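**Q** Residue numbers (this note's numbering), protein chains in the order written: chain S, 2 to 397; chain Y, 2 to 397. Note that the Cβ used here is the ideal one computed from N, Cα and C, for glycine as well. Since the structure is predicted, the reported quantities are computational estimates derived from the model, not experimental observations. Could you have a look at this structure, given as structure tokens, before my questions?
There are 2 protein chains.
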Amino acid sequence: MRHSLAGRAESPMQARILAQLRDEGALSKAQLADRLQVSRTTVAAEVARLAELGLAQEAGPAASRGGRRSTLVDLSPDIRFVGISIGATGMSVGVTDGRLTVLATRHRTSDIRQGPEIVLAAALELVREVMAEVGVDQVMGAGIGVPGPVDFNRGVSVSPPIMPGWDGYPVRDAVSRELGCPVMLDNDVNVLAVGEQHAGVAKGAQDFLFVKIGTGIGCGIVIDGELYRGVNGCAGDIGHIRVEDFGPTCACGNTGCLEAFSGGAALARDAATAARSGRSPALAALLSEKGELSAADVGIAVSQGDAQAVQLIRESGRHIGQVLAGLVSFFNPGLIVIGGRVTGLGHALLAEIRGVTYRRSLPLATGNLPIVLSELGDEGGVIGAARMISASVYAP
Amino acid sequence: MRHSLAGRAESPMQARILAQLRDEGALSKAQLADRLQVSRTTVAAEVARLAELGLAQEAGPAASRGGRRSTLVDLSPDIRFVGISIGATGMSVGVTDGRLTVLATRHRTSDIRQGPEIVLAAALELVREVMAEVGVDQVMGAGIGVPGPVDFNRGVSVSPPIMPGWDGYPVRDAVSRELGCPVMLDNDVNVLAVGEQHAGVAKGAQDFLFVKIGTGIGCGIVIDGELYRGVNGCAGDIGHIRVEDFGPTCACGNTGCLEAFSGGAALARDAATAARSGRSPALAALLSEKGELSAADVGIAVSQGDAQAVQLIRESGRHIGQVLAGLVSFFNPGLIVIGGRVTGLGHALLAEIRGVTYRRSLPLATGNLPIVLSELGDEGGVIGAARMISASVYAP
Numbered sequence: 002m003r004h005s006l007a008g009r010a011e012s013p014m015q016a017r018i019l020a021q022l023r024d025e026g027a028l029s030k031a032q033l034a035d036r037l038q039v040s041r042t043t044v045a046a047e048v049a050r051l052a053e054l055g056l057a058q059e060a061g062p063a064a065s066r067g068g069r070r071s072t073l074v075d076l077s078p079d080i081r082f083v084g085i086s087i088g089a090t091g092m093s094v095g096v097t098d099g100r101l102t103v104l105a106t107r108h109r110t111s112d113i114r115q116g117p118e119i120v121l122a123a124a125l126e127l128v129r130e131v132m133a134e135v136g137v138d139q140v141m142g143a144g145i146g147v148p149g150p151v152d153f154n155r156g157v158s159v160s161p162p163i164m165p166g167w168d169g170y171p172v173r174d175a176v177s178r179e180l181g182c183p184v185m186l187d188n189d190v191n192v193l194a195v196g197e198q199h200a201g202v203a204k205g206a207q208d209f210l211f212v213k214i215g216t217g218i219g220c221g222i223v224i225d226g227e228l229y230r231g232v233n234g235c236a237g238d239i240g241h242i243r244v245e246d247f248g249p250t251c252a253c254g255n256t257g258c259l260e261a262f263s264g265g266a267a268l269a270r271d272a273a274t275a276a277r278s279g280r281s282p283a284l285a286a287l288l289s290e291k292g293e294l295s296a297a298d299v300g301i302a303v304s305q306g307d308a309q310a311v312q313l314i315r316e317s318g319r320h321i322g323q324v325l326a327g328l329v330s331f332f333n334p335g336l337i338v339i340g341g342r343v344t345g346l347g348h349a350l351l352a353e354i355r356g357v358t359y360r361r362s363l364p365l366a367t368g369n370l371p372i373v374l375s376e377l378g379d380e381g382g383v384i385g386a387a388r389m390i391s392a393s394v395y396a397p
Numbered sequence: 002m003r004h005s006l007a008g009r010a011e012s013p014m015q016a017r018i019l020a021q022l023r024d025e026g027a028l029s030k031a032q033l034a035d036r037l038q039v040s041r042t043t044v045a046a047e048v049a050r051l052a053e054l055g056l057a058q059e060a061g062p063a064a065s066r067g068g069r070r071s072t073l074v075d076l077s078p079d080i081r082f083v084g085i086s087i088g089a090t091g092m093s094v095g096v097t098d099g100r101l102t103v104l105a106t107r108h109r110t111s112d113i114r115q116g117p118e119i120v121l122a123a124a125l126e127l128v129r130e131v132m133a134e135v136g137v138d139q140v141m142g143a144g145i146g147v148p149g150p151v152d153f154n155r156g157v158s159v160s161p162p163i164m165p166g167w168d169g170y171p172v173r174d175a176v177s178r179e180l181g182c183p184v185m186l187d188n189d190v191n192v193l194a195v196g197e198q199h200a201g202v203a204k205g206a207q208d209f210l211f212v213k214i215g216t217g218i219g220c221g222i223v224i225d226g227e228l229y230r231g232v233n234g235c236a237g238d239i240g241h242i243r244v245e246d247f248g249p250t251c252a253c254g255n256t257g258c259l260e261a262f263s264g265g266a267a268l269a270r271d272a273a274t275a276a277r278s279g280r281s282p283a284l285a286a287l288l289s290e291k292g293e294l295s296a297a298d299v300g301i302a303v304s305q306g307d308a309q310a311v312q313l314i315r316e317s318g319r320h321i322g323q324v325l326a327g328l329v330s331f332f333n334p335g336l337i338v339i340g341g342r343v344t345g346l347g348h349a350l351l352a353e354i355r356g357v358t359y360r361r362s363l364p365l366a367t368g369n370l371p372i373v374l375s376e377l378g379d380e381g382g383v384i385g386a387a388r389m390i391s392a393s394v395y396a397p
């Protein structure tokens, strides 16, 4: 097994060099000096120190640009990060290298309601599996996303409506103790937004929203290239925005919340009602076969041409679109990425979301606003979580 | 008459010195050196240059701190800015000094629908009056707010629903030509937010919303101390967020928009309906007396104990609260300031807005969230507009 017992960066300049290498790959010292607007001498000194810390290394001569040939610098090939993305009904775990390329990944179903001990133990088991697969017994850091509000500074989950037992649980410290490395905790939509920004459809986007439609519904907000967390760290909690005065009771205690109409749990509930009412032959057949229905079953019924199932998805998309239209008017983002398990239900959902959002927002804000599906799926959470901790490890 | 033909700041350090003096008042060179973390020699050199530019000057010995006595530096007493805040039904104009203290101000009613030539001519007439009152024939710059979307970089108003004739009109260049000074154009809520941040209840706030409830409804967004304008400059356009699927037709063409329920124009419309229906004796009396009703008349009816008028204000506040609750969930601000003419209707409106917002948002986001009325009123727009242009003149 290979060890990576490297230190953290010691100066802002070192952190900037590491971030450049992470985001662009190997660069010559001359290129680094250009990009950071410092002298080659400064770059050479900082790279030498980063090599001592086990974070970067020289990687042979760079291609000639004419004049003196420069030396390529790359991240240490030994850097490994762990990304853990925990949703309400499943988790993804992976190991990445220093550039956040996923080297090994695992996904399994899980139930967030089982509480932090059981869920984190399952996550750590997956972490050990992927670490063994890539042959390391130590990583430089781990990022974790959980499906609810997080006190980012304390590394603790806070009064999460769909996460009984997690309130105040010291997730960060517990995982840090187990893995023996620095850990960062954030909510899953922030982690997914960062992943999409690093390696997905939001690559290079400066102001965008990542909307996750899973069991619950949440939103990651990126402003000027950086995550916006709000004053209490709970920005983006759009699942509890009102769409109607009346409607199903939400986990938060209110009625008429978006999540209670359009989240995966709501879709499963409405599918069961449709099945029992006799309005949906396909869902009725699935219910009698399985004993219960999930949001995914609505997708199956849609693929079988079930009109009622299509109607359920359209209704869901309509309410999501109504909320997104409001956010577009308020926030005027440059891009909206839709992710989460419910997006696996096919194009009817995206079509309805787009239609309502474009129709209900002012033309100036939507004239050039792409609304697209996430490309990364589960891996986005792993990459985002790894990127979050990489930023902390690379920073001084 | 006194001339101020000063230049702009030439370096970021000069801009930082001017911003310190604007926001804190006269400071000694030693204090400036401390705050900007540079040597006294650097401060002395930059202050000397600012004096040549007519922007700052020495202002006598500073109080002794022990050791060598330092020299006080202050902004030039000749600096004058103009702030112009144009609303849908009225405008405020003022002249400020370099610290944005309002030296003279005028307010008059006006109708934005008369188009840019007539409205801007009226504003310029007021500008000349206030300039004459304070005895200057030249100012260093002017800021303007208008009640609709603005292309900030081009200085042009853009397809404003309540501003027929303004689409694409070169407001900035037209006013700049008339006044012979640099001009900045923004929408009125951004200007009001900046004014409130400089001299009102939002002083020192880093992340807050300024919600204007006038004829229309809009929102200025401040993130990390800076205005957030969105990708197309139209962030904060919350008047067209849906609150119901059906309802009165809005100026934007949709139905169910917040503004069509709760703006000043909507309130006037509903007041007339209530008067004609016989449900409101007070409003009926006001209507027969005046021939038409305004939002302010609802306030008069409330003060006369008219139950129907109170009900109108409660309904208005309820819809505003529903939208603000959604924005609190999404944005998690540290403060919400409510301004605009409709806030003159008394405490029933604020009470209803607060009640609904607090009830419909997650506790984590509202635990420590003040929702308060603007303190500055019309003067906030003058100060905000002046501050906007001061930032541009002081910057290199």
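1) Taking buried to mean at least 16 other C-beta atoms within 10 Å of its own C-beta, is Arg-243/S buried or exposed?
2) Taking the alpha carbon of Leu-33/S as the reference point, which residue from Thr-106/S, Leu-73/S, Ser-65/S has its own alpha carbon closest?
3) What are the start and end residues of each continuous beta strand (DSSP E) run of 3 or more residues lying completely inside the stretch 268-293 of chain S, in chain order?
4) In chain Y, what lies closer than 7 angstroms to Asn-154/S by C-beta?
5) Please return the same chain residues whose Cβ sits closer than 7 angstroms to the Cβ of Ser-295/S, not counting the five positions on each side in sequence.
6) Chain S partners of Gln-323/Y, CB-CB under 8 angstroms?
7) Any contact of the stretch 220-237 of chain Y with the stretch 136-152 of chain Y, i.e. 3+ C-beta pairs under 8 angstroms?
8) Assuming Gly-84/S contacts Gly-95/S (C-beta within less than 8 angstroms), just tell me the rounded distance between them.
9) Under 8 angstroms by Cβ, that's how I've got Ile-313/S and Ala-273/S pegged, so tell me the actual separation to the nearest angstrom.
10) Say whether chain S places a C-beta atom closer than 8 angstroms to the C-beta of Ala-326/Y.
11) Which of helix, strand or coil does DSSP assign to Arg-355/Y?
12) Residues bridged to Gln-38/Y by DSSP?
13) Quick check: is the beta carbon of Phe-229/S nearer than 8 angstroms to any beta carbon in chain Y?
14) Which runs of the beta strand (DSSP E) spanning at least 3 residues fall entirely within the stretch 298-350 of chain S, listed in chain order?
15) Using a beta-carbon distance below 8 angstroms, is His-363/Y in contact with chain S?
16) So, helix, strand or coil for Gly-385/S, using DSSP?
17) Strictly under 8 angstroms for the Cβ-Cβ distance: is Gly-88/S near chain Y by that measure?
18) Measuring straight from C-alpha to C-alpha, what distance separates Ala-194/S and Leu-351/S?
19) Could you tell me the alpha carbon to alpha carbon distance between Asn-369/Y and Gly-306/Y, rounded to whole angstroms?
20) Could you tell me whether the Cβ of Val-195/S comes closer than 8 angstroms to any Cβ of chain Y?
21) Quick one: list the residues of chain S neighbouring Val-338/Y, beta-carbon separation under 8 angstroms, in chain order.
22) Applying a beta-carbon distance threshold of less than 7 angstroms, which residues of chain Y neighbour Val-232/S?
23) Name the chain S residues whose beta carbon is nearer than 9 angstroms to that of Cys-182/Y?
24) Does Ile-372/S come out as helix, strand or coil in the three-state DSSP assignment?
25) Assuming contact is defined by CB atoms lying nearer than 8 angstroms, are Asn-255/Y and Gly-221/Y in contact in what I supplied?
26) Can you tell me the Cβ-Cβ gap for Gly-142/S and Val-184/S, rounded? I've got them flagged as a contact below 8 angstroms.
27) Count the other CB atoms within 10 Å of the CB of Gly-240/S; is the residue buried (16 or more) or exposed (fewer)?
28) Roughly how far, in whole angstroms, is the beta-carbon of His-199/Y from the beta-carbon of Arg-388/Y, given that I think they are within contact range, below 8 angstroms?
29) Considering only the beta carbon of each residue, do Ala-57/Y and Leu-19/Y sit closer than 8 angstroms?
30) What does the Cβ neighbour count give for Gly-169/S, buried or exposed, with the cut at 16 atoms within 10 Å?
31) Is there contact between the stretch 125-141 of chain S and the stretch 8-15 of chain Y, where contact requires at least three CB pairs shorter than 8 angstroms?
32) List, in order along the chain, the chain A residues whose C-beta lies closer than 7 angstroms to that of Ser-330/S?
33) Shorter than 8 angstroms from the beta carbon of Pro-62/Y to some beta carbon of chain S?
**A** With the structure as the only source:
1) Buried, by the Cβ-count rule.
2) Distances from the CA of Leu-33/S to each of Thr-106/S, Leu-73/S, Ser-65/S were compared; the closest alpha carbon is that of Leu-73/S.
3) none
4) For Asn-154/S, no chain Y residue has a Cβ inside 7 angstroms of its Cβ, as the nearest lies near 14 angstroms away.
5) Excluding positions up to five away in sequence, the list reads Ala-269.
6) Arg-243
7) yes
8) 5 angstroms
9) Note that residue 313/S corresponds to Leu in the displayed sequence, not to Ile. Going by Cβ atoms, the distance from Leu-313/S to Ala-273/S rounds to 11 angstroms, so no, they are not a contact pair.
10) yes
11) helix
12) For Gln-38/Y, which the question treats as bridged, DSSP gives no partner whatsoever.
13) Note that residue 229/S corresponds to Tyr in the displayed sequence, not to Phe. Yes, Tyr-229/S counts as interfacial toward chain Y.
14) 336-340
15) Contrary to the premise, residue 363/Y reads as Leu rather than His in this sequence. Taking Cβ atoms only, chain S reaches closer than 8 angstroms to Leu-363/Y, which makes this a yes.
16) helix
17) no
18) 18 angstroms
19) 34 angstroms
20) no
21) Simply none; closest approach about 14 angstroms.
22) Asp-208, Asn-333, Pro-334, Gly-335
23) Under the 9 angstroms cutoff, chain S gives no residues; its nearest Cβ is about 29 angstroms from Cys-182/Y.
24) strand
25) No.
26) 7 angstroms
27) buried
28) Going by Cβ atoms, the distance from His-199/Y to Arg-388/Y rounds to 5 angstroms, so yes, they are a contact pair.
29) For the 8 angstroms CB-CB criterion, Ala-57/Y and Leu-19/Y form a contact.
30) exposed
31) no
32) The question asks about chain A, but that chain is absent: this structure's protein chains are S and Y.
33) no
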